[in-house]
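Per our numbering, the very first residue in the sequence shown carries number 6; after that it's consecutive. Only one structure is covered here, and it is reproduced in the block below.
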Amino acid sequence: MGPDPFFSPEKREVDSGSIPGYDRIMIQGLLDPVRDILETLCTVSGKGIRAVRKPDLKSLARLRMAGPGSQEHVLFHRGGDDPLVNHVIANECGHLIRLLAAPPDMRMVAVANERTRSIYRAEIREDIQRLSLIHGIAELGGFLPLWYESVVFQLTRMPPEIGVERWLHREYPALREIQRTALMEQQAKAAEVLSRGIRRMTPRKVYDASQTMNYAFFRLMEPLTGLRLTAPYERSVFVLQGGELAALAERNLRDDHEGDVTLIRQWADSLALSGWIEWRRLDEVEGGTLH
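Put into structure tokens, the structure is as follows:
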């Protein structure tokens, strides 16, 4: 079995004569700055964007990157009139713009394979017996891959997320109020996981790494929002190492994809998660599911 990309392209054949761009009325209610960001993505990638309404989508929107045989990225959206869709789309585009603005030979993505999964299982082995008594063997088998995917997605998503949110705040002031609301909502959901019950039902290494990254991220978002987003974490054990992760981000001198990869590697080293991912060039990764 080949590697599974944590950020992967969709391969779909389309008319090679398509002109990169998108229909400015494809999603009703989008703010002008978000439409500008969509156009920036078209310019940077040289590919268009096709919107697909998907009412059962778990998030407000999700962007699937075009593969080599496609002339369009696909923007799935739930529909409705939630103004936070503006932030979700702007954020998704920001991640892809950072990746595709890099030279092709520098576009690196994290992948999972049997080797990385084996390392993960070995490193949480001490928890497996304890958790089997809580969840049961059958249910635990379903949770194991979910825990792995969630923490690795967080590891590979949050460092570039820092740059994306700072970019949105700096370049698109008209989006700041929506950004602030979105970050407040994100923090509230993350804080719900700060409970002894959830910690007891999760592999310790997975739980601790996740909460440490959350603390670091929200600490770095405080200057953007003017809010004490780290307040729920102040009496937790995650402040010290989370502060170290935040300091690594502050010392990262490159505000681009290469800098993102460097920061992901640094966070992975600090959290002892380096063996849980491998790196490939984007053009080496087969199409698959976007995590």
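In this text, a Cβ means the ideal position worked out from N, Cα and C, and glycines have one as well.
Can you check DSSP and say which residues form a bridge with residue i?
i            : result
valine 57    : Phe81
arginine 40  : Note: arginine 40 sits in no beta bridge, so no partner.
arginine 285 : Val114
arginine 69  : Val79
Compare the Cα-Cα distances from residue i to each of the options and report the closest residue.
i              : options                           : result
valine 244     : Arg224, Asn257, His262 and Thr230 : Arg224
glycine 85     : Ser64, Val116 and Pro228          : Ser64
tyrosine 125   : Asp260, Leu278, Leu101 and Arg233 : Leu278
alanine 71     : Val242, Leu104 and Gly168         : Leu104
glutamate 128  : Trp152, Ile142, Glu144 and Gly147 : Trp152
asparagine 118 : Pro88, Gly280 and Leu287          : Gly280
valine 39      : Ala254, Ile269 and Glu176         : Glu176
isoleucine 269 : Met113, Gly74, Ala179 and Leu199  : Met113
isoleucine 183 : Tyr212, Pro88 and Leu43           : Pro88
glycine 168    : Thr48, Arg201 and Asn257          : Asn257
glutamate 289  : Pro60, Leu253, Pro73 and Pro178   : Pro73
glutamate 255  : Met226, Leu276 and Leu232         : Met226
histidine 378  : Val242, Leu287 and Ser275         : Since the first residue of the chain shown is 6 and the last is 296, residue 378 is not available in this structure.
serine 275     : Asp213, Ser200, Arg259 and Lys59  : Asp213
aspartate 260  : Asp61, Leu173 and Ile42           : Leu173
leucine 199    : Asn219, Arg181 and Leu180         : Asn219
proline 150    : Arg130, Arg122, Glu131 and His140 : Arg122
arginine 201   : Asp265, Pro178, Val242 and Arg233 : Val242
glutamine 76   : Leu68, Ser50, Glu44 and Glu170    : Ser50
histidine 100  : Arg58, Ile203, Ile42 and Leu232   : Ile42
glutamate 131  : Arg58, Gly264 and Val211          : Val211
histidine 140  : Arg171, Lys59, Arg181 and Ile203  : Ile203
Measure the CB-CB distance between residue i and residue j and report whether it falls below 7 Å.
i             : j             : result
histidine 82  : lysine 52     : no
valine 157    : isoleucine 32 : no
cysteine 98   : leucine 46    : yes
serine 215    : glutamine 159 : yes
arginine 185  : threonine 230 : yes
leucine 80    : isoleucine 54 : yes
valine 90     : alanine 66    : yes
alanine 251   : alanine 273   : no
proline 237   : alanine 196   : yes
threonine 267 : glutamine 246 : no
arginine 240  : valine 116    : no
Is residue i near the ligand COA, with its Cβ less than 6 Å from a heavy atom?
i            : result
histidine 78 : With respect to the ligand COA, the structure shown offers nothing to examine, as it has no ligands at all.
Length at least 4, wholly inside the segment 103-182: the alpha helix (DSSP H) runs in chain order: Correct list: 119-128, 130-140 and 142-176.
Meets three-Cβ-pair contact criterion under 8 Å: the segment 80-94 and the segment 147-165: No, the segment 80-94 is not in contact with the segment 147-165.
Validate contact between the segment 103-110 and the segment 190-209 using beta carbons, cut 8 Å, 3 pairs: Because the criterion of three Cβ pairs below 8 Å is not met, the segment 103-110 and the segment 190-209 do not touch.
Given 8 Å, three or more beta-carbon pairs between the segment 194-207 and the segment 128-144: They touch, by the three-pair rule.
Three CB pairs or more closer than 8 Å across the segment 178-189 and the segment 140-155: Cβ pair count under 8 Å is below three, so no.
Length-filtered (3 minimum) beta strand (DSSP E) runs lying within the segment 219-294: Correct list: 283-286.
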